[in-house]
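The structure appears right after this line, and notes come after that.
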Amino acid sequence: MAVIGWLGAAAAAAGTLDGRQALPDLDGLAPEAQGLAIFEEKDRRESGYQDLQVELEMVLRDRRGSEARRELSISQLEMADDGDRLLVVFDTPKPIRGTALLSYSHVEGPDDQWLYLPAQARVKKIASRNKSGPFLSSEFAYEDLALQEVEKYDYRLLGREACGDAQCLRIERIPRDEFSGYSRQEVLLHEPTLRIERIDFYDRHGRPLKVLTNEGYLLHEERYWKPQRMFMENLQTGKTTELLWREYRFATGLQADRDFSTNSLMRAR
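Using this note's numbering, the first residue of the sequence shown is number 60, and each one after it goes up by one.
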């Protein structure tokens, strides 16, 4: 299962220490089937982590360069019979400390998301039609924070191209969710490892909306590639959100009922 949409779109499992594996045989397949096969392989490589926890810093900047910084933590749990679960909790600044988002991703049907705002002392469910909105003034939408199950998209391999010193696969990904804020996405995958290097997002009218770039990949547990920096730029507003990742921990013993329930949101500080 992918690690948090934009977050875990960046993860890839590896069978060798340099993270290189053979791609599935794509010969004779239509571009749509090729794109699907590649993402199914990517999903297979990303499975098996059980659970993870990570600390990160979020930096928000407007077009004038003014910035705001936030500290947060993310917990994720792999589920055997459905999509994975995700919990995001803000630690700083003080006015939003304890603000938390819980996401249940589903293989079929809409994902479920709940937001806890300490100032209101209540848990609010995010309606499906509102998931395209910005998450706490960042350039990431609520739907970006849901785990990206393979079945939620249609795919098409657009081709191969150079990206730095490597070769990359460019794949079009079209959301099946009628309430998605994106008409389509173009994903650039590092071919040997299937790490996501870049995603171009297009709005509902087909116009370029945002660009996500991932940098500074490190291999964890001799298996999982993680970026140290993710940078989302809104092409229409000039605003950006930067994520700086640190302190990954795997298989920490998280439990679904204890750590990923709506009741746990109010304890997540």
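The C-beta atom is built at its ideal place from N, Cα and C for all residues, glycine as well.
Can you list, in chain order, the residues of its chain with a C-beta nearer than 7 Å to that of residue i? Leave out the 5 residues immediately preceding and following it.
{"i": "Ala180", "result": "none"}
{"i": "Leu313", "result": "Asp110, Ser134 and Leu136"}
{"i": "Phe238", "result": "Ser187, Arg188, Lys190 and Ser191"}
{"i": "Gly218", "result": "Arg229"}
{"i": "Tyr212", "result": "Arg232, Ile233, Pro234 and Arg235"}
{"i": "Phe319", "result": "Leu136, Arg144, Leu146 and Leu161"}
Could you name the residues of the same chain whose beta carbon sits closer than 8 Å to that of residue i, not counting the 5 residues immediately before and after it, in chain order?
{"i": "Phe194", "result": "Leu160, Ala200, Tyr201, Asp203 and Leu204"}
{"i": "Ser132", "result": "Gln112, Val113, Glu114, Leu115, Val147, Val148 and Asp150"}
{"i": "Arg122", "result": "Thr296, Gly297 and Lys298"}
{"i": "Gly323", "result": "Looking at the sequence provided, one finds Ser at residue 323 rather than Gly. Answer for Ser323: Leu146, Leu161 and Arg317, listed in chain order."}
Do residue i and residue j have their C-beta atoms closer together than 8 Å?
{"i": "Leu119", "j": "Ser197", "result": "yes"}
{"i": "Ile97", "j": "Leu111", "result": "no"}
{"i": "Leu271", "j": "Met289", "result": "yes"}
{"i": "Glu274", "j": "Cys222", "result": "no"}
{"i": "Arg188", "j": "Pro152", "result": "no"}
{"i": "Arg215", "j": "Glu91", "result": "yes"}
{"i": "Gly142", "j": "Leu206", "result": "yes"}
{"i": "Cys227", "j": "Glu250", "result": "yes"}
Keeping to the same chain, check which residues put their C-beta closer than 6 Å to that of residue i; ignore five residues upstream and five downstream.
{"i": "Thr321", "result": "Trp173 and Val182"}
{"i": "Glu280", "result": "Phe309"}
{"i": "Ser242", "result": "Tyr261, Arg263 and Gly265"}
Buried or exposed for residue i, please, with buried defined as at least 16 other CB atoms from any protein chain shown within 10 angstroms of its CB.
{"i": "Thr252", "result": "buried"}
{"i": "Thr300", "result": "buried"}
{"i": "His264", "result": "exposed"}
{"i": "Pro286", "result": "buried"}
{"i": "Thr311", "result": "exposed"}
{"i": "Glu208", "result": "buried"}
{"i": "Ser164", "result": "buried"}
{"i": "Thr75", "result": "Only weak support is given to the placement of Thr75: the predicted model assigns it a pLDDT of 43, under 50, and the value that follows is read from those uncertain coordinates. Under this definition Thr75 is an exposed residue."}
{"i": "Asp170", "result": "buried"}
{"i": "Glu306", "result": "exposed"}
{"i": "Gly94", "result": "buried"}
{"i": "Asp259", "result": "buried"}
{"i": "Asp21", "result": "For residue 21 there is no data in the structure shown, the boundaries of the chain being 60 and 328."}
{"i": "Lys101", "result": "buried"}
{"i": "Lys269", "result": "buried"}
Kindly say whether residue i, judged by its beta-carbon, lies nearer than 8 Å to any beta-carbon of chain B.
{"i": "Arg104", "result": "Within the model displayed, chain B is absent; a lone protein chain is all it includes."}
Could I get the ranges of all uninterrupted alpha helix (DSSP H) runs contained in the segment 239–319, with 4 residues as the minimum, in chain order? As far as the segment 239–319 is concerned, its whole alpha helix (DSSP H) runs of at least 4 residues are 315–318.
Three CB pairs or more closer than 8 Å across the segment 113–132 and the segment 227–238: Result no; under three Cβ-Cβ pairs closer than 8 Å.
At which residue ranges does the segment 78–105 contain complete alpha helix (DSSP H) runs of 4 or more residues, listed in the order of the chain? The qualifying runs are 90–105.
What are the uninterrupted segments assigned as beta strand (DSSP E) that are 3 or more residues long and contained completely in the segment 126–151, given in chain order? Those beta strand (DSSP E) runs which fall completely within the segment 126–151 and span 3+ residues are 126–136 and 144–151.
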